[in-house]
DNA sequence: CATTTATTGGACTACAGGTATAAAATAGTT
DNA sequence: AACTATTTTATACCTGTAGTCCAATAAATG
């Protein structure tokens, strides 16, 4: 990454930690990073975008740490699971951004992008947790995996918040996680409440970075073929198959794809396939990033 | 209440609902309330304080509704409990401030007062829920009441948030509450995690308004007699017994009490009794308010 | 060396929350 | 009715914010 951009991100990070996001004026970031305003807005279109970049780094860090923790261990290893959950807290704690991650609302139209970004992150986290609950507790939990993931996640967050507000001591995060797991580690008496397909768009792409997002995107689109055709929307159908053609070819025209994907995304809005939109968007962004890195 | 103040609060409420708190400039409130800036700052020292006033009203509303729901019903009536929980959501929904209530963090030094205010509210809510869980599920849940209250509260909040973010339809709040209750309505396998005395300062005063907060305050202080003496802090001990003397007398000197209570509060800081401080503060404030109303 | 690109730094806009104050309106009292 | 005290208004003002714009400068590139 660019040197200046790195400088900015690092400075912003330390300042956000020390004083909080909205209490940190851009001016302070500029001075700390030894960079001019022009440069800042050359790399980030807004302060919010800068924060999102930081949060993205943290996300990568968490994913990496969790991957490391899993190496050589069974996927049903409970201890590993606990440590993996704790990873987010440790890193957020290190960056002191936990509160920010927990505060998903704020109901401000101004920070719309930030809201969506954080929503994406927390929904991915819940989805991941449901998957891991299946791993760890086996088939008996399969049906209730999302129910229990939500309960677990909710319990962990609220408990750690309470311990922080009341005790003001260091939070015993692993104990808290064990407590939350204990709360779900009992027989479910009722039928499942949350449906698995709500969470379809938030499944993380396995082995990200190593595999080819091109194939993933291709497969996802192909899977939608029949549904798209059924919608009988000429434009949408055209975009869809055009994108698939490009993905099949050796050298896709990236500029054309960029443009068509844009229209495709818009066309997907307000259709039955709207819920798949974001997922496609994510895959596409990954695909483009990989292309850019390779070139 | 003052007419102008009412105008302002009503206007602010509708605007906060429509556009969100920080997206609503004071100017808009002034115009909507047909009031000048000077008047606004005559009644509220800041926009934040105005919001807190609104939230206080909502709290009163919730307490009132819950009281109504309980009339003539057994305290172990589960249906009543569910409706009581839902009351907060219905009212917050009506005022569309649920998101705000849920977003307790934001980590901004600027909104310190707001943060503390919201903390108080959510901790009171959890405490109330623990009490009610005892009522409804009986002795078997007593030990785990706080554990389960946290799990229940966390599950309800996260679930409703997820349903809102993903489904974007109206949240089936009662079903969500039944789900959350189902998540705790099972045998606890582990010893309790959260200690009851964390929540001591957040117990709501029963039958508030009808009974005498003077007696409540007196009892609370008396209960602390031995602990205070044990601390061997001359000043603190003096304040403590002075306040008790005043409370016993027919006509306490309110000005003196105000001053001594202030010092007493400060003296309590950083002692073993720090956790009782807020509770005493609340009782004292109530006591003073009643006095003021009677005069 | 010449051209392109990145960077600077400051001026500038628009808006926010909050203060200050003198004049006008209102309410309360004798 | 007259006087007083309080409330309200209207407006100007201060401080600080995010973000835009742009001409001048520096750095990188072929």
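Chains as they are written, first to last, in full-length UniProt numbering: chain A, 1 to 295; chain B, 1 to 295.
Beta carbons are placed, not taken as given, at the ideal position from N, Cα and C, and that holds for glycine.
Out of curiosity, what's the CA-to-CA distance linking residue i and residue j?
i	j	result
residue 75/B	residue 60/A	49 Å
residue 216/B	residue 223/B	11 Å
residue 280/A	residue 171/B	27 Å
residue 78/B	residue 140/B	15 Å
residue 91/B	residue 19/B	18 Å
residue 62/A	residue 128/A	12 Å
residue 273/B	residue 255/B	25 Å
residue 81/A	residue 259/A	42 Å
residue 53/A	residue 251/A	30 Å
residue 179/A	residue 235/B	42 Å
residue 41/A	residue 64/B	51 Å
residue 22/B	residue 113/A	16 Å
residue 83/B	residue 239/A	49 Å
residue 237/A	residue 228/A	6 Å
residue 33/A	residue 51/B	36 Å
residue 14/B	residue 88/B	18 Å
residue 56/B	residue 28/A	36 Å
residue 70/B	residue 204/B	16 Å
residue 290/A	residue 137/A	36 Å
residue 264/A	residue 67/B	53 Å
residue 35/A	residue 8/A	7 Å
residue 45/B	residue 6/B	16 Å
residue 150/A	residue 130/B	20 Å
residue 159/A	residue 10/B	35 Å
residue 134/B	residue 2/A	59 Å
Could you work out which residue in the options is closest to residue i when comparing CA atoms only?
i	options	result
residue 145/B	253/B, 249/B, 132/B, 44/B	132/B
residue 246/B	261/B, 232/B, 235/B	261/B
residue 214/B	163/B, 286/B, 136/B	286/B
residue 278/B	123/B, 173/B, 157/B	123/B
residue 167/B	5/A, 201/A, 82/A, 219/A	201/A
residue 283/B	275/B, 225/B, 235/B, 218/B	218/B
residue 38/A	4/A, 240/A, 159/A, 231/A	4/A
residue 271/B	263/B, 231/B, 44/B, 136/B	231/B
residue 300/A	181/A, 263/A, 199/A, 47/A	Only positions 1 to 295 of chain A appear in the structure, and residue 300/A is not among them; the question remains open.
residue 176/B	193/B, 163/B, 188/B	163/B
residue 192/A	188/B, 183/B, 7/B	183/B
residue 48/B	233/B, 249/B, 116/B	116/B
residue 288/B	263/B, 212/B, 264/B	212/B
residue 198/B	31/B, 121/B, 276/B, 152/B	276/B
residue 154/A	125/A, 135/A, 195/A, 188/A	125/A
residue 190/B	143/B, 221/B, 203/B	143/B
residue 221/A	12/A, 203/A, 242/A	242/A
residue 120/A	161/B, 31/B, 130/B	161/B
residue 257/A	66/A, 244/A, 134/A, 17/A	244/A
residue 118/B	58/B, 138/B, 253/B, 86/B	58/B
residue 233/A	267/A, 249/A, 253/A	267/A
residue 174/A	16/A, 17/A, 85/A	85/A
Could you check where the alpha helix (DSSP H) with residue i kicks off and where it finishes?
i	result
residue 130/B	112 to 137
residue 45/B	No alpha helix (DSSP H) contains residue 45/B, which DSSP labels as neither H nor E.
residue 153/B	145 to 162
residue 28/B	26 to 33
residue 304/B	This structure gives no information on residue 304/B, because the portion of chain B shown stretches from 1 to 295.
residue 173/A	173 to 184
Legend entry - beta strand (DSSP E) runs contained entirely in the region 194 to 252 of chain A, provided each spans 3 or more residues: none
Inset, instruction - Taking a Cβ distance cut-off of 8 Å, strictly less, list which residues of the region 123 to 146 of chain A are near chain B, in chain order. - result: 123, 126
Inset, instruction - May I ask you to list, following chain order, the residues of the region 154 to 188 of chain B that have a beta carbon less than 9 Å from some beta carbon of chain A? - result: 154, 155, 156, 157, 158, 159, 161, 162, 163, 165, 166, 167, 175, 176, 178, 179, 180, 182, 183, 184, 185, 186, 187, 188
Inset, instruction - With 9 Å as the limit, tell me which residues of the region 232 to 258 of chain B have their beta carbon closer than that to any beta carbon of chain A; keep them in chain order. - result: none
Legend entry - Contact residues within the region 260 to 294 of chain B, judged by C-beta distance below 7 Å to chain A: none
Inset, instruction - Below 7 Å between beta carbons is the criterion; list the residues of the region 53 to 85 of chain A that meet it against any residue of chain B, in chain order. - result: none
Inset, instruction - Could you name each continuous alpha helix (DSSP H) segment of 4 residues or more that falls completely within the region 248 to 292 of chain A, going from the start of the chain to the end? - result: 254 to 268
Legend entry - Cβ-based contacts, 7 Å cut-off: residues of the UniProt domain "HTH tetR-type" (2 to 62) of chain B near chain A: 19, 20, 21, 22, 23
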